[in-house]
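A.B. asks:
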Amino acid sequence: MCRRRFKRCMTILLSCTILTGLTLSGPAMAQSSESEAEALKERVRKLEALVERLSERLAEDEKKIEEKEVEILETSSRLDEAVRKVVEVEQEVDQVAGKVESASVDVESMSQFFERERKPGFSIGDTQVTFGGYVKLDTTVSRYSDGAIPSSSFGRDFYIPSTVPVAADADSETVLDFSPRETRFLFKTETPVAGHTLGSHIELDFLITDNDNEVISNSFTPRMRQAFLTYRGFLFGQAWSTFFNVSALPENLDFVGPTEGTVFARQAMIRYTHGPFEVAIENPETTVTSPGGARVLGQNDHLPDLVARYTLDTDLGTFKVAGMLRQLRLGEDTVLGNGANQLVLDKSQTALGIGTSISGRMPLGERDDFRFMANVGQGLGRYLGLALVNGAAIDAATGELDPIFIHSGFASYRHFWSDRWRSNLTFSYFRADNPVEKTGLGVTDRSWSGHVNLLYSPASKLTLGMEYIYGQRRIEAGETGSLSRVQFSAKYGF
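Mapping of the sequence shown onto mature numbering (1 follows the signal peptide of the UniProt record, and there is no 0): residues -30 to -1, 1 to 464, in sequence order.
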């Protein structure tokens, strides 16, 4: 419309200009030459062409304006739609937030849920079941300086310092053993309950069981290692003692490794964990050395062993500090010893056991690490060195219990030669302060061992390795016995 108005105005203006010129110059134009008339016509044509070009340009501008108006309308419509969707999303977020808050689902529970979803296994309803374990064969050649122990002894399967013979006049002896008894199987369950995870753990192996048969079938009886359930920070059942830092144990082919220097106990308990703090009441068991040197077990303990532990994570590594308080108790009419050394208690006897354990694992470089443990206390007894000494001795004259003071520890360095090859160097030590006037001279005074191995993993879950162990035990009489063992192991985890 604007273009038509503009063209009409320009045409009228041009016509008026021509008529005015003709009127003012009428006589003169009559006398003009034909060339001037032609020049005037040419000027008119140029003006018409100019008007046409201006009209076309105006039309193009009008078209662009119309296109911009359409684009603005479309953009406005999209913005309205986006605002509507944002409002809907905000409403959905508010609804989800309300559901999360009402269900009290914390971050830890969600993390456990997603972790469970990544594990192999299967589901039964809302319960996720996972399983694992390993198959292991140990082949050992053991040389005992003071005579070999029987093939039925558990010390033939792995290093137990208390089984190392000490005899002044015995000859050395070498024995060969094959054992798959460390083979292990476990399964776990996790079930969401009221926004939290209810878990269970059952674990079996074939170590330290009787009724084995090496004549024909080589059958072994399975035993329960661990069986517990967890819920909202609580653990109920049998598990590793809270006094024991399992993560600090070195990577040895021997089942335990630095036996003398480590806490090593599994037992029934109730434990509560809150962040880095743990506190537990655990199954008590009193062990006492009788006047003749024999071990006597308390049959009627009254109080649980109380254990507390704190975990400290730092840039240097992870460290754990544990403390224990326990009662040692023998009941009335307990019989200790036999013959001339026999003692029958006329009343119950108690003593206090107390101790601490400090352990840690420190990374060195990209893959190497250093592990250690230090233990000290009185009346700790069975918790250290696989019950290398008892918790207390008894005074034959008064019947009173005398807690035995002990200290022990180990240090271990692991080095990776490559992605597939690695080695561990470990030293372990134990010392007891026995009241020899009550225990006699046949009890263990000290023990130590050294371990070095070379491990090869051609696949992530397969390990082949060789390990050398040298261990020595000394009794209070001053006599010593030693064990030299070379061990080959093949282990596949699943």
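Where a beta carbon is used, it is the ideal one built from N, C-alpha and C, also for glycine.
On the premise that Ala264 lies in contact with Val277, defined as a C-beta separation below 8 Å, what is that separation, rounded to the nearest angstrom?
C.D. replies: About 28 Å; that fails the 8 Å criterion.
A.B. asks: To which residues of the same chain is Ser72 closer than 6 Å at the C-beta, ignoring the five residues directly before and after it?
C.D. replies: Here Ser72 scores only 48 on pLDDT, less than 50, and its place in the model is too uncertain to base an answer on.
A.B. asks: With DSSP as the reference, label Pro162 as helix, strand or coil.
C.D. replies: Pro162 falls in the strand class under three-state DSSP.
A.B. asks: Enumerate in chain order the residues of its own chain whose CB-to-CB distance from Ala402 is below 8 Å, with the five nearest sequence positions on each side excluded.
C.D. replies: So the list reads Leu358, Val359, Ile374, Phe375, Ile376, Val413, Thr414, Asp415 and Arg416, once near-sequence residues are dropped.
A.B. asks: Please classify Phe128: does DSSP put it in a helix, a strand, or coil?
C.D. replies: It is coil, neither helix nor strand.
A.B. asks: Give every residue of the same chain whose Cβ lies closer than 6 Å to the Cβ of Pro220, excluding the five residues on either side of it in the sequence, and list them in chain order.
C.D. replies: Correct list, in chain order: Gly227, Arg341, Ser382, Asn394 and Thr396.
A.B. asks: Let's see if you can read the secondary structure: which residues bound the alpha helix (DSSP H) around Thr409?
C.D. replies: Val406 to Thr409 is the extent of the alpha helix (DSSP H) around Thr409.
A.B. asks: Only counting the same chain, and skipping five residues up and downstream in sequence, which positions put a Cβ closer than 8 Å to that of Glu85?
C.D. replies: Only weak support is given to the placement of Glu85: the predicted model assigns it a pLDDT of 48, under 50, and the question is left unresolved by the model.
A.B. asks: Along the beta strand (DSSP E) that carries Asp275, what are the first and last residues, could you check?
C.D. replies: Element bounds for Asp275: Asp275 to Thr284.
A.B. asks: How do the stretch 100 to 118 and the stretch 148 to 167 stand: do at least 3 beta-carbon pairs fall below 8 Å, yes or no?
C.D. replies: These segments touch.
A.B. asks: Have a look at Phe190, Ser142, Phe204 and Glu184 and flag the residue whose alpha-carbon is nearest the alpha-carbon of Leu168.
C.D. replies: Of the listed residues, the one whose Cα sits closest to Leu168 is Phe204.
A.B. asks: Of all the options Thr97, Leu350, Phe176 and Phe198, which has the alpha carbon lying nearest to the alpha carbon of Phe190?
C.D. replies: It is Phe176.
A.B. asks: According to DSSP, simplified to helix, strand and coil, what is Leu17?
C.D. replies: The answer is helix: DSSP assigns Leu17 an H, G or I state.
A.B. asks: Let me check understanding here. Comparing Cα to Cα, which of Ser454, Val406 and Phe92 lies closest to Ile445?
C.D. replies: Taking only the C-alpha atoms, the option nearest Ile445 is Val406.
A.B. asks: Give me the Cβ distance between Met343 and Asn253, rounded to the nearest whole Å; I'm assuming they're in contact under 8 Å.
C.D. replies: Not really, about 22 Å apart at Cβ, beyond 8 Å.
A.B. asks: Got a sec? Which residues, its chain only, sit under 7 Å from Gly207 by beta carbon, not counting five neighbours each side?
C.D. replies: So the qualifying residues of the chain are Ala197, Phe198, Leu199 and Ala238.
A.B. asks: What are the boundary residues of the beta strand (DSSP E) that includes Val226?
C.D. replies: First-last for Val226: undefined, no H or E at that position.
A.B. asks: Would you list, in sequence order, the uninterrupted beta strand (DSSP E) runs of no fewer than 3 residues that lie entirely inside the stretch 421 to 450?
C.D. replies: Qualifying beta strand (DSSP E) stretches, in chain order: 432 to 445.
A.B. asks: Would you please state the rounded distance, in angstroms, between the beta carbons of Gly361 and Val258? I believe it to be under 8 Å.
C.D. replies: Sure, about 7 Å apart at Cβ, within 8 Å.
A.B. asks: Tell me whether Lys290 sits in a helix, a strand or coil according to DSSP, three-state version.
C.D. replies: In the structure shown, Lys290 sits in a strand (DSSP, three-state: E or B).
A.B. asks: Applying the criterion that 16 or more other CB atoms from any shown protein chain within 10 Å of the CB defines a buried residue, is Val136 buried or exposed?
C.D. replies: Buried, by the Cβ-count rule.
A.B. asks: Below 8 Å on the Cβ atoms is my guess for Leu298 versus Thr256; work out the distance and round it to an integer in Å.
C.D. replies: Right, the Cβ-Cβ distance comes to about 5 Å (below 8 Å), so this counts as a contact.
A.B. asks: Are the stretch 155 to 164 and the stretch 96 to 107 touching, with three or more C-beta to C-beta distances below 8 Å?
C.D. replies: These segments touch.
A.B. asks: Ile172 by DSSP, collapsed to three states: which one?
C.D. replies: The answer is strand: DSSP assigns Ile172 an E or B state.
A.B. asks: Let me know the secondary structure DSSP gives Leu356 once reduced to three states.
C.D. replies: In the structure shown, Leu356 sits in coil (DSSP, three-state: anything other than H, G, I, E or B).
A.B. asks: Within its chain, find whatever has a CB closer than 7 Å to the CB of Met44; leave out the 5 residues flanking it on each side and keep chain order.
C.D. replies: Reading off the sequence shown, one finds Glu at residue 44, where the question assumed Met. Counting only Cβ-Cβ distances below 7 Å, and skipping sequence neighbours, we find nothing.
A.B. asks: Can you check DSSP and say which residues form a bridge with His385?
C.D. replies: Ser393, per the DSSP bridge assignment.
A.B. asks: Which residues in the same chain as residue 466 place their Cβ atom closer than 6 Å to its Cβ, once the five residues preceding and following it in sequence are excluded?
C.D. replies: Residue 466 is absent from the structure shown; the chain starts at -30 and stops at 464.
A.B. asks: Run the CB neighbour count on Gln319, radius 10 Å, all protein chains shown included, and call it buried at 16 or more, exposed below.
C.D. replies: Result: buried.
A.B. asks: Tell me the rounded alpha-carbon separation between Ser142 and Gly117.
C.D. replies: C-alpha separation (whole angstroms): 5 Å.
A.B. asks: Give me the Cα-Cα distance between Gly379 and Asn345, rounded to the nearest whole angstrom.
C.D. replies: When rounded, the distance between both Cα atoms is 6 Å.
A.B. asks: Could you spell out where the beta strand (DSSP E) holding Thr100 opens and where it closes?
C.D. replies: Here the beta strand (DSSP E) through Thr100 covers Thr97 to Tyr114.
A.B. asks: Report buried or exposed for Asn270, applying the criterion of at least 16 other Cβ atoms within 10 angstroms of its Cβ.
C.D. replies: Exposed.
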